[in-house]
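One line per chain: the protein sequences are A and B, in this order.
Here the first sequence is numbered in my numbering, starting from 1 and rising by one per residue.
Here the second sequence is numbered in my numbering, starting from 1001 and rising by one per residue.
Glycine residues also receive a C-beta, built at the ideal position from the N, C-alpha and C atoms.
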Amino acid sequence: MRNSKMLKVAGMEFRLTANNRAFVIFTILGPFLIAAISILPSYLAMNSGAGNEQSIALVGNAALQAELEPAFEGSQFRVARPAELAGYGSPEDETTLRSAMQDGAIDAYIVLPAIATGSESFRYVTGGGANFQMIGAAEAIVGQVVVSLRLAEAGFEPNEVLSLSRPPGMDVVRLTEGGEQDADLTSALFTALGFTFLLYMTILLYGQSIGASVLREKSSKTVEIMLSSIRSRDLLVGKVLGKAAASLLQYAIWILMSVLFLRVLSPALGLNIQIAGGSEHFGYLVGFFLAAFFLYSSVYAALGASAEDEQHLSQLAWPVIMFLIIPMVMIGAITNNPDGAVPQFLSIFPLTSPIVMFQRLIIGSPEAWEVIACMSLLLLTIAVVALLGAKIFRVGILMTGKRPTAREILRWVRYKG
Amino acid sequence: MLKVTEIRKTFGETIAVDSLSFENPPGEIFGLLGPNGAGKSTTIRMIMNIIAPDSGTIHFQGSPITEDDKNRIGYLPEERGLYGKVTVHDMLVYLAALKGTSKEDAEQAMSPWLERFELSAWRDKKIEELSKGMAQKIQLISAVIHDPEFVFLDEPFSGLDPVSTDVLREAVVDLNRGGKTVFFSTHNMDQAERVCHSILIMNKGNAVIQGSVADVKSRYGKRSVAVEFDGDASFLRGHPAVNRSIEFPRWVELELADGHEPDEVLAALAGRVKVRRFEVLAPSLHKIFVDELGGAKDA
C-alpha cells in the first residue's frame, strides 16, 4: 500500500514535470544549447585568428628586414610595403607607423634592433587587443630567422643545425580495456566538455526543479492534504522518483538524438564529428547523473521545505551551487592534467565527484580503486543526505510564517516523528 | 470513536499542545474551537498522524491510530491548495487514489458531489480556472470522495461568501446525517453553535471548556437582555441589576448581575425612555468564548 501511494506520487510528479512546454522545448533544444555554451567557445578559442590575415610593418635594421620579409610569406601575416605607408610620413619613423595603425592601414609593427643577433627580445606594437595566437606566430617566425643568423655567425650551417635540433612529434596512444587505440585528444576534450556541461546543467536544473516543486507544494498548501494520505518520507521519495523518471526520459531522448546524429545525419552531411569513447561513456553519463541527481535532489528537497519563498530558496541553495560550480571553474586544470592531485581529490569528494570522476574517465586514467572509492563514498553520502533531508523535509514542509535560520533547520533533524 | 488522551507537543521551547484529552463520539459533529494559535491545527495534525505527539495516545475506533487509518479518514485542512495545472477530475482521482480508492469508484463518487455543488461543467477544467469558492468545494469533495467514516474539517468556511458558506454547511450536516462522524475546527463560534453537537474550546494548548453545546451554554452562559429604545438609557450603567453593558445610541446589550431578573431592568426603563424592543438573550458560544478567553487570549 505504501509503495503504491509512493508510485502514485511519482506518477503525478512525472506528469507535472514532463507534460509541459518547457520540458519539451528543453528536451529538443537542450543538446544544441549545451553544445553552444560548452564546445563552441573552446572550438572558437582554438581556431580564433586562423584565416584572418594581419598586416604588419617592420621598422629598423634593414638587413634583418630583408631576411624576415621572405620568412613572413605564406604565413597569416602580410608585411606592408614602404609605399603603402608613404602617405603617413617616413616608414622608418614609429610616429608614422602609429598613425598608420590608427587609420587601420596596418594591425601591428615589429621594431627590429640594430644588432639583431644579440637582442633578447623585440618589441611587437599592436593597436587592438592582445591576440596571443598572432603574437605567438610572429614570435616563432622572427625567432627562427634570428636563431639562423646566430648559428651562421657562429660558423654553423643553419639548415643542418635546425634540422638536427628539431624534436620528434608524438603519436599519442591510449591504453583502454578494449586494447590500444589512437587517442583523438580533440574529440576527447570536446566530449568531456559537452558531457560535463550536460551533467552540470541537468543536475542543477533538476535539483532546482525539485526544490521549487517542494516549495510550491508548501506555499500552495497542497502538502497538508497530501500528508493526510501519505507519510512525508514516502511523499519525498515519490516526488524524487517522479523527477528521476522524467530526467531519464529526457536523457534517453538525448542519447537517441546523439546516436542518430552521429550514425546517420553526420555521415550524410559529410561532417566529421565524433564522440570519444563508446557506449560506455553514455553509461557513465547516466550513472553519474543519477548519483548526482539523488544527492542534490535530497539537498534541494530539504531546502525547498525550509524556504519561505523562491528568493529564500535561492539564498539557501547558494552553498550547494558552489559545489557544482567548482568542477566547472576547475575544468581547465582538470583537462590539462586529469590525473593530478586536485582532480584526484575532487573526483573522490562526494559533492564534486560525479562530475570530476566522469571527466577523468573520459580524458584521464583513474585507477580502479579511485572509481570504487568515489562510488562508495557517493552512495554513502546519498544515504546520509537523503536521511537528513527527509527529516528536514518532514518538519520544514509544515513550517510557515518566518524564515528559519540554518541553526533552526539543523535542529529540525532532532525533532520526533 | 476518536479518543485523545493526554497528548502533548512541543516545538523547541514552545508548548503547542499540553496534556489535551477528549473524545469525539461516533455520529456526532464535534467542534474544536479556540483563538488563532491555540493549538487546534497541531492537535489535528497529531490526530491525522502527520506529526507525532511527544507523549499521550490517540485511539481511533479502539486502537492506536496508524498510517492505514488515514484511508478511513477524510481531511479538509485549513490551508488549502490543489495543483493548478491539473483538471478537477484528475485531481480528485489522484487524491482518491492516495486514499486507496480506485479510479472507477472515485469517478462514481465525484459525480453526485459535482452536481450538488453545480460544478459538473467544470469536471475537465484545470483547477487554476476555478474561483476560490469553487476550489474550496472541490477540496471538500476530495475529503469525502473515498467515503470515509470520519471527516476532519479544519476551518471549512473560512474565506467563503455567505451563499457558499450555506451550501457547504448543508453538505457538512448531510454528511453527519449520512452517518459520518465529523470533527470540525473553527474560531467562528456562531458556525460551531449552529453545526456542532459538542465542543472543546482550547487556549494556549490546553482545553478550557468542553462538553455538549447545551451543557456548555447552561454552565458558562450569563443572562443578557437587549433593549432598543428612544431617549437616554445611560443611567442603566449604575443599575444594581446590570453587571456589564454594551451601549449604542438607540440600542444596548446588558449582562445581568447574579440574583437579578430581566423584569428589574424593564421596570427601571419604564417612563424614562420609550422602549421599542425588549429581548431576553440566550447566551451565545461567542459570548462565552469572549468571557472565558477575553483576558487570556494572546496565544
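Whole-angstrom distance between residue j and residue i, CA atom to CA atom
| i | j | result |
| --- | --- | --- |
| residue 1256 of chain B | residue 1268 of chain B | 13 angstroms |
| residue 222 of chain A | residue 1037 of chain B | 21 angstroms |
| residue 31 of chain A | residue 254 of chain A | 7 angstroms |
| residue 1117 of chain B | residue 1167 of chain B | 8 angstroms |
| residue 1173 of chain B | residue 1195 of chain B | 7 angstroms |
| residue 354 of chain A | residue 1034 of chain B | 53 angstroms |
| residue 1214 of chain B | residue 1058 of chain B | 26 angstroms |
| residue 1078 of chain B | residue 1157 of chain B | 9 angstroms |
| residue 234 of chain A | residue 3 of chain A | 8 angstroms |
| residue 1243 of chain B | residue 1266 of chain B | 15 angstroms |
| residue 287 of chain A | residue 378 of chain A | 12 angstroms |
| residue 1060 of chain B | residue 376 of chain A | 45 angstroms |
| residue 1299 of chain B | residue 1203 of chain B | Here residue 1299 of chain B scores only 35 on pLDDT, less than 50, and its place in the model should not be relied on; the value that follows carries that caveat. Going by the C-alpha atoms only, they are around 7 angstroms apart. |
| residue 1093 of chain B | residue 13 of chain A | 15 angstroms |
| residue 329 of chain A | residue 132 of chain A | 22 angstroms |
| residue 290 of chain A | residue 244 of chain A | 8 angstroms |
| residue 1130 of chain B | residue 1224 of chain B | 45 angstroms |
| residue 220 of chain A | residue 1155 of chain B | 17 angstroms |
| residue 237 of chain A | residue 393 of chain A | 11 angstroms |
| residue 1297 of chain B | residue 1205 of chain B | Any reading at residue 1297 of chain B needs caution, since the residue's pLDDT is 42, under 50, leaving its predicted position unreliable; the model's value is listed next. Whole-angstrom Cα-Cα distance: 12 angstroms. |
| residue 1039 of chain B | residue 1012 of chain B | 15 angstroms |
| residue 412 of chain A | residue 1099 of chain B | 28 angstroms |
| residue 1050 of chain B | residue 1276 of chain B | 55 angstroms |
| residue 195 of chain A | residue 28 of chain A | 16 angstroms |
| residue 373 of chain A | residue 284 of chain A | 16 angstroms |
| residue 121 of chain A | residue 100 of chain A | 24 angstroms |
| residue 1286 of chain B | residue 1188 of chain B | 8 angstroms |
| residue 1236 of chain B | residue 1193 of chain B | 30 angstroms |
Partners in chain B for residue i, counting only beta-carbon separations shorter than 9 angstroms
| i | result |
| --- | --- |
| residue 239 of chain A | Going along chain B, no residue has its Cβ under 9 angstroms from residue 239 of chain A, so there is no contact; the nearest lies around 12 angstroms. |
| residue 370 of chain A | None at all; the shortest Cβ gap to chain B is about 43 angstroms. |
| residue 295 of chain A | Going along chain B, no residue has its Cβ under 9 angstroms from residue 295 of chain A, so there is no contact; the nearest lies around 27 angstroms. |
8 angstroms Cβ cutoff met for residue i and residue j
| i | j | result |
| --- | --- | --- |
| residue 1119 of chain B | residue 1103 of chain B | no |
| residue 321 of chain A | residue 189 of chain A | no |
| residue 230 of chain A | residue 391 of chain A | no |
| residue 76 of chain A | residue 137 of chain A | yes |
| residue 419 of chain A | residue 317 of chain A | Nothing about residue 419 of chain A can be reported from this structure: the residues present for chain A run from 1 to 417 only. |
| residue 1121 of chain B | residue 1140 of chain B | no |
| residue 1030 of chain B | residue 1197 of chain B | yes |
| residue 1145 of chain B | residue 1109 of chain B | yes |
| residue 352 of chain A | residue 281 of chain A | no |
Partner residues on chain A for residue i, Cβ-Cβ distance less than 7 angstroms
| i | result |
| --- | --- |
| residue 1156 of chain B | Within chain A, no residue comes near residue 1156 of chain B; the closest Cβ sits about 13 angstroms away, beyond 7 angstroms. |
| residue 1085 of chain B | 16 |
| residue 1070 of chain B | 228 and 229 |
Boundaries (first-last residue) of the beta strand (DSSP E) holding residue i
| i | result |
| --- | --- |
| residue 1094 of chain B | Taken as a continuous stretch (DSSP letters only), residue 1094 of chain B belongs to no beta strand (DSSP E), being part of the alpha helix (DSSP H) at 1088 to 1097. |
| residue 1153 of chain B | 1150 to 1154 |
| residue 95 of chain A | Element bounds for residue 95 of chain A: not the beta strand (DSSP E) but the alpha helix (DSSP H), 94 to 103. |
| residue 1076 of chain B | 1073 to 1076 |
| residue 1135 of chain B | Residue 1135 of chain B -> not in any beta strand (DSSP E); alpha helix (DSSP H) instead, spanning 1132 to 1144. |
| residue 54 of chain A | 54 to 59 |
Supposed close pair residue i, residue j - CB separation, criterion 8 angstroms
| i | j | result |
| --- | --- | --- |
| residue 389 of chain A | residue 301 of chain A | 6 angstroms |
| residue 204 of chain A | residue 40 of chain A | So it is not a contact: roughly 20 angstroms between Cβ atoms. |
| residue 215 of chain A | residue 367 of chain A | Actually they do not touch by this definition, with Cβ atoms about 42 angstroms apart. |
| residue 135 of chain A | residue 124 of chain A | 6 angstroms |
| residue 1227 of chain B | residue 1152 of chain B | Incorrect: roughly 42 angstroms between the Cβ atoms, too far for contact. |
| residue 239 of chain A | residue 395 of chain A | Rounded, the Cβ-Cβ distance is 17 angstroms, inconsistent with contact. |
| residue 111 of chain A | residue 60 of chain A | 5 angstroms |
| residue 1183 of chain B | residue 1002 of chain B | 7 angstroms |
Chain-ordered neighbours of residue i on chain A, where CB pairs are closer than 9 angstroms
| i | result |
| --- | --- |
| residue 1006 of chain B | Residues of chain A passing the Cβ test: none, with the nearest at roughly 16 angstroms. |
| residue 1171 of chain B | What residue 1171 of chain B touches in chain A: nothing, since even the nearest Cβ is about 18 angstroms away. |
Residue interval of the alpha helix (DSSP H) (run including residue i)
| i | result |
| --- | --- |
| residue 1251 of chain B | First-last for residue 1251 of chain B: 1251 to 1256, but that is the beta strand (DSSP E), not the alpha helix (DSSP H). |
| residue 1284 of chain B | Taken as a continuous stretch (DSSP letters only), residue 1284 of chain B belongs to no alpha helix (DSSP H), as it is neither H nor E. |
| residue 1213 of chain B | 1213 to 1220 |
| residue 1009 of chain B | Unbroken run through residue 1009 of chain B is the beta strand (DSSP E), 1002 to 1011; no alpha helix (DSSP H). |
| residue 247 of chain A | 232 to 260 |
| residue 148 of chain A | 132 to 153 |
Contact list for residue i against chain B, beta-carbon separation under 8 angstroms
| i | result |
| --- | --- |
| residue 414 of chain A | Simply none; closest approach about 10 angstroms. |
| residue 411 of chain A | 1012 |
Proximal residues of chain A, C-beta to C-beta of residue i below 8 angstroms
| i | result |
| --- | --- |
| residue 1094 of chain B | 8 and 12 |
Residue i: contacting residues in chain B (beta-carbon distance under 7 angstroms)
| i | result |
| --- | --- |
| residue 227 of chain A | 1050 |
| residue 222 of chain A | 1081, 1082 and 1083 |
| residue 5 of chain A | 1098 |
Any non-hydrogen atom of the ligand ZN within 7 angstroms of residue i CB
| i | result |
| --- | --- |
| residue 165 of chain A | Only the bare structure without any ligand can be found here, which leaves the ligand ZN out of the picture. |
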